[in-house]
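**Student:** This is the structure, below, for whatever I ask next.
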Amino acid sequence: MKMITALIKPFKLDEVREALANIGINGMTVTESKGIGRQKGHVEMYRAAEYTIDFVPKLKVEIVVKQELVEPVIELILKHARTEKIGDGKIMVTSLENVVRIRTGEQGVDAI
Numbered sequence: 001m002k003m004i005t006a007l008i009k010p011f012k013l014d015e016v017r018e019a020l021a022n023i024g025i026n027g028m029t030v031t032e033s034k035g036i037g038r039q040k041g042h043v044e045m046y047r048a049a050e051y052t053i054d055f056v057p058k059l060k061v062e063i064v065v066k067q068e069l070v071e072p073v074i075e076l077i078l079k080h081a082r083t084e085k086i087g088d089g090k091i092m093v094t095s096l097e098n099v100v101r102i103r104t105g106e107q108g109v110d111a112i
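Per my numbering, the sequence shown runs over residues 1 to 112.
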């Protein structure tokens, strides 16, 4: 089992979620986050004053999948979250030792 964590632009969430649902992945966790990277923030105007926004808003999407779904999910996220502009985000894949469904006690792939 793998945990796929994608940091994406907020306005891309619906497109990514719908694409994941089309391949049968309905479970995910979405968290609002802020980050700084190569984009280095941006400048905004408010009441004629400039403000530097160092941390850019992103969404952290976490999905647990079987090993064989890792590459299709990555390709799907790349296709639907990409704007081809700086700040599109990142995709990280980590191994999971175990997953336990609290309600039933199921473990491993059965708990996904």
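Backbone N, C-alpha and C fix where the C-beta goes; we use that ideal spot for every residue, glycine too. As the structure is a prediction and not an experimental result, all values here were calculated from the model.
#1: Tell me which residue opens and which closes the beta strand (DSSP E) that Ala6 is part of.
#2: Under the rule that 16 or more other beta-carbon atoms within 10 Å means buried, what is Leu7, buried or exposed?
#3: Using DSSP bridges, identify the partner residues of Leu69.
#4: Any beta carbon from chain D within less than 7 angstroms of Ile4's own beta carbon?
#5: How many Å lie between Ala19 and Glu50 at the Cα?
#6: Tell me, please, which residues DSSP counts as bridged to Ile74.
#7: Would you mind stating whether Ile4 and Val100 have Cβ atoms separated by less than 7 angstroms?
#8: If you count every other CB in all the chains shown that lies within 10 Å of the CB of Lys12, and 16 or more means buried, which is it?
#9: Is Lys79 helix, strand or coil by DSSP?
#10: Between the alpha carbons of Ile108 and Met1, how many angstroms are there, rounded?
#11: Note down the Cα distance separating Glu75 from Gly105, rounded to an integer number of angstroms.
#12: Between Ala111, Glu15, Ala48, Leu78, which has its C-alpha nearest Met92's C-alpha?
**Tutor:** Quick look at the numbers:
#1: Numbered from its first residue, the sequence shown carries residue 6 at position 6. Segment 2-8, the beta strand (DSSP E) holding Ala6.
#2: Looking up residue 7 in the sequence shown gives position 7. Per the 10 Å Cβ criterion, buried.
#3: Here residue 69 corresponds to residue number 69 of the sequence shown, with the count starting at 1. Note: Leu69 sits in no beta bridge, so no partner.
#4: Absent here is chain D; the protein component of the structure consists of one chain.
#5: Counting from one through the sequence shown, the residue named residue 19 turns up at place 19. Counting from one through the sequence shown, the residue named residue 50 turns up at place 50. Distance between the alpha carbons of Ala19 and Glu50 is about 38 angstroms.
#6: What you label residue 74 is simply residue 74 of the sequence shown in a count that begins at 1. Looking at the DSSP assignment, Ile74 forms no beta bridge with any residue, so it has no partner.
#7: Locating residue 4 in the sequence shown gives position 4, counting from the first residue. Locating residue 100 in the sequence shown gives position 100, counting from the first residue. Cβ atoms of Ile4 and Val100: not closer than 7 angstroms.
#8: Looking up residue 12 in the sequence shown gives position 12. So Lys12 ends up on the buried side.
#9: As a working mapping, residue 79 is identified with position 79 in the sequence shown. DSSP places Lys79 in helix when its eight states are reduced to three.
#10: Position 108 of the sequence shown, counted from the start, is the residue given in the question as residue 108. Position 1 of the sequence shown, counted from the start, is the residue given in the question as residue 1. The sequence given here has Gly at residue 108, not Ile. Spanning the two alpha carbons is a distance of roughly 8 angstroms.
#11: Reading the sequence shown from its first residue, position 75 is the one you call residue 75. Reading the sequence shown from its first residue, position 105 is the one you call residue 105. About 32 angstroms.
#12: Residue numbering aside, residue 92 sits at position 92 when the sequence shown is read from its first letter. Among Ala111, Glu15, Ala48, Leu78, the Cα nearest to that of Met92 belongs to Leu78.
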